[in-house]
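Here's the structure we're looking at; comments come further down.
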Amino acid sequence: MPFTVSDLAREIAQRLRAAGQRVYLVGGAVRDQALGRTPTDFDLATDALPTRVVQVLSNGWNGPRPVVEDEAFGRVLVGDVDVLTLRREAEYHDRRRPSRVIFTKSIRADLDRRDFTINAMAVNLADGALIDPHGGMRDLKWGLLRSVGSAERRLGEDALRVLRAVRLRAELGFSYHPHLASALASPSAAECLRTLSEERVRDELSRTLLSVGVLQGLEDLRRFGLVSTILPECLPMVGCLQRNPMHRWDVWGHTLRVTQAISPELRLRWAALLHDVGKPATCAVGADGVTHFYGHERLGEEMERHILRRLRYPDALVRQVAALVRHHMFHYGPETRIGSARRLVLALGQDGVRDLLELRRADRQASAWGFGVGPEGERLLAHLAAIGDERFTLPDLQVDGYDVMRELGLSAGPMVGETLHAMHQLVLDGQLPNRREDLVNWLRRRMANAPEAPAEPADHSQPPQNSRR
Ligand code: ATP
Ligand code: MG
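Just so we're aligned, residue 1 is where the sequence shown starts under the numbering used here, counting upward by one.
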């Protein structure tokens, strides 16, 4: 079968070959092309040392400047192409990284140290020949994920391979070879995950969450006992029963289905995985025999912050997911005023509210409620359309603290802020137009204690909440 490479990868390979070096296409690009998929990136392996790669790509080279990422590790980055020096990997001391890398001229030795047979193939870019010493093509055809050599030993060398196995299966829909499955299920696999840095765990978890087979991937993490090591907060969801006619599954089973149903965006997948993480700790059975989880969205938000911060996700993502978990129970009845939509937009932003609706859609699909965003979601959508891109934060009010002080004869103090807040709430609910004239009149009526002044609203500062589930 013909393998292709990107223009840049081809030029790099031609240069290196003209200089007498061997160059191979390796890893995911070979695997993905053999599967008829478009590769995400092109990794090259060469017998040239990093300094040699830089030297060859200097005089007369018009492409991106080669950057030696890690000389001892044999990695040169040229644009988006990784050029790696062939290596055999030496002893692993801490199950994280080989203690040192030994360079080699042998592609065979380089393939032997790779993780799975389907990842241990190379294409010689001189003649296009496939080098497949471990039966990678056969396993691709059979849809089998198999370790190169002894599964137990290979997983023990580098714990990341445990998570890579789960992720690759979730991406490709393959089966584990029985030896790999039993190595994954052995307690030592879960144990050795503790040696991994949170960042490496995070990157593999992200990829598992984004894969087409996310349900299978998460379920594998559970059945191999890996959840207790990398996401211990999620474990109580397993077996947490929901005695409620609206739910068919335990919280874990429901969560997996929401995660599978939601669009593959990292913030949405995390929101789906964690939206009910507060349920086990808030579970109570009511007099009606139905289970309730009052306040689970608030507890869930706290747990979410803790989990995603530990995994060193960027603050922006932690916040976006927190807002979704916090508000996923939003109630939007026929009586709900447009102010609730405005408050949701203030709390989450327009895009955040769209995300919230996507979470609601997936949540419904994974329960017994049916498809679409539901009547509540439809009402919220209608209000969103009416709001358009209008702005309505407190500083957008057409009066400010000076107006309040002047009209009410106040000096600076908490009353000023409270008055602005009350006006803001009335404006959000559409009970008071955000026009300077109307706002000043409202202040004057209030000053005169006129009876026609609208009553102060109850505390609407929070978007609509409901914990009926
Ligand atoms: P993708 O195309 O999705 O990036 P990939 O298989 O290329 O998948 P990379 O992380 O880019 O994944 O790794 C490139 C190659 O390096 C893999 O195909 C595999 O041969 C090898 N490899 C990566 N990580 C390990 C590991 N922890 N142990 C052994 N070999 C590994
Ligand atoms: Mg790759």
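All residues carry an ideal CB built from backbone N, CA and C; glycine is no exception.
Taking a cut-off of 7 Å from the heavy atoms of ligand 1, the residues with a C-beta inside it are 26, 27, 28, 29, 31, 32, 39, 40, 41, 43, 113, 114, 115, 119, 120, 158, 160, 161 and 164. Rounded to whole angstroms, residue 197 and residue 443 show a C-alpha spacing of 58 Å. Beta-carbon to beta-carbon, residue 248 and residue 368 are separated by about 6 Å, close enough to satisfy the 8 Å threshold. Cβ neighbours of residue 266 within its own chain (closer than 8 Å, five residues either side excluded): 206, 209, 210 and 317. DSSP places residue 282 in the uninterrupted alpha helix (DSSP H) bounded by 279-282. Between the alpha carbons of residue 399 and residue 342 lies a gap of roughly 19 Å. For residue 266, the enclosing alpha helix (DSSP H) begins and ends at 266-274. Here residue 330 is buried, its C-beta having at least 16 other C-beta atoms within 10 Å.
Judged by beta-carbon spacing, residue 394 lies beyond the 8 Å limit of residue 404, meaning their Cβ atoms are not closer than that value. With a contact defined as Cβ atoms closer than 8 Å, residue 339 and residue 429 qualify at about 3 Å. Around residue 218, the same chain offers 256 as residues with beta carbons nearer than 6 Å, after the five sequence neighbours per side are excluded.
Non-local beta-carbon contacts of residue 262 in its own chain, meaning distances under 7 Å to residues more than five positions away in sequence, involve 268, 269, 272, 358, 359 and 362 in chain order. When rounded, the separation of the alpha-carbon atoms in residue 251 and residue 9 is 47 Å. In the three-state scheme derived from DSSP, where H, G and I count as helix and E and B as strand, residue 332 is classed as coil. CA-CA distance, residue 40 to residue 107, rounds to 22 Å. In this structure, the beta-carbon distance from residue 83 to residue 12 falls below 8 Å. With a cutoff of 8 Å on beta-carbon distance, residue 46 and residue 86 are scored as near each other. Fully contained in the segment 10-63 are the following beta strand (DSSP E) runs of length 3 or more, in chain order: 23-26 and 43-46. Residue nearest to residue 144 within the set 354, 291, 150 and 173 is 173 (criterion: CA-CA distance). Between the C-alpha atoms of residue 119 and residue 136 there is a straight-line separation of about 7 Å. Around the CB of residue 279, 16 or more other CB atoms lie within 10 Å, so the residue is classed as buried. Pairing residue 151 with residue 165, the inter-Cα distance amounts to about 11 Å. Annotation for residue 233: no alpha helix (DSSP H) segment contains it, and DSSP assigns it neither H nor E. Between the C-alpha atoms of residue 79 and residue 66 there is a straight-line separation of about 7 Å. At a cut-off of 4 residues, the continuous stretches assigned as alpha helix (DSSP H) that sit fully inside the segment 392-433 are 401-408 and 414-428. Separation of residue 193 and residue 314 (C-alpha to C-alpha, rounded to the nearest whole angstrom) is 22 Å. Separation of residue 36 and residue 221 (C-alpha to C-alpha, rounded to the nearest whole angstrom) is 28 Å. Residue environment analysis places residue 147 among the buried positions, since at least 16 neighbouring C-beta atoms fall within 10 angstroms of its C-beta. Boundaries of the alpha helix (DSSP H) harbouring residue 441: 436-447, taken from the DSSP string. Secondary structure within the segment 136-201: not one fully enclosed beta strand (DSSP E) run of 3 or more consecutive residues is present.
Residue 300 counts as buried, since at least 16 other C-beta atoms from the protein chains shown sit within 10 angstroms of its C-beta. Within the same chain, Cβ atoms closer than 6 Å to the Cβ of residue 213 are found at 170 and 173, the five residues on either side in sequence being excluded.
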